[in-house]
Amino acid sequence: MKAKMLKKWKKAKKPKVGKNKQETPVIDHEEDDDEPIDETGYATNGPPVAGETANATNGADAETKKEGPIKKKWTNRERVLVFCSRGAAFRDRHLMNDFKALMPHAKGESKLDNNTKLPMINEIAEMKNCTKCLYFENRKRKDLYMWAANIGKGPSVKFLVHNVHTMDELRLSGNCLKGSRPVLSFDQAFDSEPHLQLIKQLFMQTFGTPNYHPRSQPFVDHVFSFSLTGDGRIWFRNFQIVDEQGMLQEIGPRMVLEVIKVFDGAFEGAVLYENPSYQSPNDLRRQLKLAGANRYTSKQEAKQSLQERTELNPDAFKGDPLDELFDTTAPIDDQEGRKLKRAIEQTRTKRKDKKKPKIE
148 MKAKMLKKWK KAKKPKVGKN KQETPVIDHE EDDDEPIDET GYATNGPPVA
198 GETANATNGA DAETKKEGPI KKKWTNRERV LVFCSRGAAF RDRHLMNDFK
248 ALMPHAKGES KLDNNTKLPM INEIAEMKNC TKCLYFENRK RKDLYMWAAN
298 IGKGPSVKFL VHNVHTMDEL RLSGNCLKGS RPVLSFDQAF DSEPHLQLIK
348 QLFMQTFGTP NYHPRSQPFV DHVFSFSLTG DGRIWFRNFQ IVDEQGMLQE
398 IGPRMVLEVI KVFDGAFEGA VLYENPSYQS PNDLRRQLKL AGANRYTSKQ
448 EAKQSLQERT ELNPDAFKGD PLDELFDTTA PIDDQEGRKL KRAIEQTRTK
498 RKDKKKPKIE
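So the sequence shown is numbered by our numbering: it starts at 148 and just counts up by one.
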């Protein structure tokens with residue numbers, strides 16, 4: 148607007164001077180401001196200075212610095228790789244799928260061949276951009292092992308899984324929203340020993356859904372319970388939070404974890420802890436077979452000892468002849484006695500048929 152005013156000022160025609168009168172030029176100011184204008188066409192404050200604009204921007208930055216840096220909402224970028232070995236049983240596969248459904252920050256992968264070494268899982272997890280791993284290893288289609296590992300630096304824990312019950316198998320009344328965040332409940336005994344404290348931290352980072360995760364829901368409606376049994380095993384259960392008073396209903400899955408070893412690295416490294424009371428399933432099966440074999444040998448030895456004792460003292464093992472008088476299971480040799488027995492049995496069957504209700 149001010150530039151237009153300057154142009155009009157320059158283009159203004161000189162006044163025509165008559166003989167008797169003198170006219171003054173008239174400048175039309177369209178929507179003139181109240182501020183006075185100098186020769187340059189700007190207001191009396193003058194044109195904007197580069198230093199002044201810089202100072203203004205610096206002042207705005209200073210205000211934002213005073214308020215503090217803008218925090219990103221999704222800061223915990225934990226991702227868990229959940230997969231199993233080839234040859235896993237149907238129940239093991241369903242358990243793995245249950246954990247995938249309950250953990251929105253979980254990623255899947257195709258089954259791992261039995262020939263590949265376990266440290267190769269670190270490279271697979273890095274390609275998937277995962278920081279934690281839950282690997283279900285099946286051996287002989289009978290025994291299920293679970294590895295929980297921190298990818299890269301470690302540590303990692305190997306468990307033997309007992310008493311597996313999946314969500315579809317239990318058919319419990321509880322239910323929760325898919326993608327919701329869980330509350331992690333740990334027994335107080337986890338703080339008693341160092342290896343249990345390490346397992347607790349590993350479970351917190353693995354099973355805890357990060358806040359503001361894109362695939363998660365902003366609700367907390369179920370509880371992951373980790374409790375210790377009397378023999379040192381970890382009992383995992385999943386409950387629904389029914390109301391604000393703390394009423395719980397079980398959802399599933401359910402399993403018992405027995406600690407085998409704790410390693411320094413991820414699927415490798417030095418052994419930090421080894422369970423002294425652990426027995427492998429192969430040893431337990433071998434003991435059962437030996438117990439069965441011992442049962443057969445004990446029976447044979449008992450028969451042989453009885454035969455030897457009867458030979459030494461035959462009068463002691465003779466039966467009482469009066470016992471046979473009241474023996475109803477003794478065979479009947481007389482023909483009339485057989486007829487009598489048949490008649491008695493027929494009357495018994497008739498009485499039973501009369502007692503039965505007739506279905507019309």
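C-beta: ideal position from N, C-alpha, C; glycine also.
Remember, predicted model here, so these are calculated numbers, not experimental data.
Asked                                                                                                                                                            : Found
Could you pull the start and end residues of the alpha helix (DSSP H) that Phe306 belongs to?                                                                    : Segment 303-312 is the beta strand (DSSP E) holding Phe306; no alpha helix (DSSP H) there.
Would you list the one or two residues that DSSP bridges to Val418?                                                                                              : Phe410
Tell me, to the nearest whole angstrom, how far the beta carbon of Lys275 is from that of Leu228; I am working on the premise that it is less than 8 Å.          : 6 Å
DSSP state of Asn244, grouped into three classes?                                                                                                                : helix
Opposite Asp290 in the DSSP bridges: which residues?                                                                                                             : Arg286
Report the rounded CA-to-CA distance for Gly355 versus Val330, giving the unit in angstroms.                                                                     : 8 Å
Is the CB-CB distance between Asn366 and Phe350 below 8 Å?                                                                                                       : According to the sequence displayed, residue 366 carries Phe and not Asn. It is not a contact, given that the beta carbons lie outside the stated cut-off.
Could you tell me the boundaries of the beta strand (DSSP E) in which Ser372 lies?                                                                               : 364-375
Would you be able to state if there are at least three C-beta pairs under 8 Å between the segment 417-424 and the segment 434-441?                               : no
Within a Cβ cutoff of 8 Å, which residues of the same chain sit near Thr376, ignoring the five residues on either side of it in sequence?                        : Trp382, Val403
Per DSSP, Arg328 is paired with what?                                                                                                                            : Val367
Strictly by DSSP, which residues pair up with Met402?                                                                                                            : Phe383
Contact between the segment 241-248 and the segment 259-268 is defined here as three or more beta-carbon pairs at a separation below 8 Å; is this criterion met? : no
Taking the beta carbon of Asp481 as the centre, do at least 16 other beta carbons fall within 10 Å, making it buried, or is it exposed?                          : exposed
What did DSSP end up calling Lys465 once you bin it into helix, strand or coil?                                                                                  : coil
Ordered along the chain, which non-local residues of its own chain (more than five positions away) have a Cβ less than 6 Å from that of Arg238?                  : Val311
Can you have a look at Ala235 and say buried or exposed, based on whether 16 or more other CB atoms are within 10 angstroms of its CB?                           : buried
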